[in-house]
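Step one of this worksheet: look at the structure below.
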Amino acid sequence: MKRTLLLGLFLVAGVSNVALANADLAKAKNCMACHSVNNKVLGPAFKDVGVKYAGQKGAEDKLVQKVIKGGSGTWGTIPMPANGQVSEAEAHTLVKWILTLK
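Just so you know, the sequence shown maps onto residues -21 to -1, 1 to 81 in mature numbering (1 follows the signal peptide of the UniProt record, and there is no 0).
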C-alpha cells in the first residue's frame, strides 16, 4: 500500500513538473505575448485550442506547423506570425501540452 501511494505521488509530481515546464517554455518562446492559458489575448486561450482540437487525428502535426510557420483565419482576422525561434521539437512539446488543456 505504501509503495503504491509513493509511486502515485512521484507520478503526480512528475506530471505537474512537465506542465509547469511547458508553461515556462511558452513564456520563454514569447507565446504569452499573444496567448494565455485561460483567456483570449490577441490569440485564443490555450485551453480553447486544446478543446477545439481534442481527439482530432493529425491535430498535433497541424498545430506544430502553425506554431512554426504562422497562420490565419481559424480564430479570427488577426494572423499568427511565424515563430522562427521555436524549433520543431519545442513546437511539439508546446502543442502536446496545449492539447492536454481543457
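Think of the CB as a built atom: it goes at the ideal place given N, C-alpha and C, for glycine as much as any other residue.
Please say whether A7 and V46 have beta carbons closer to each other than 8 Å?
-> no
Closer than 8 Å by C-beta to Q64: which residues in its own chain qualify, once you throw out the five before and the five after it? Chain order, please.
-> K8, N9
Would D27 be called buried (16 or more neighbouring beta carbons within 10 Å of its own) or exposed?
-> buried
Check K19 in the structure and name its three-state DSSP category.
-> strand
From the beta carbon of K48, is the nearest beta carbon of chain D less than 8 Å away?
-> Protein chains in the displayed structure number just one, and chain D is not present.
Collapsed DSSP secondary structure at G29 in the structure displayed = helix
Supposed close pair A33, L73 - CB separation, criterion 8 Å = In fact, because the Cβ distance is near 16 Å, the residues do not count as touching under 8 Å.
Any idea if P23 is buried or exposed, counting beta-carbon neighbours within 10 angstroms, 16 or more meaning buried?
-> buried
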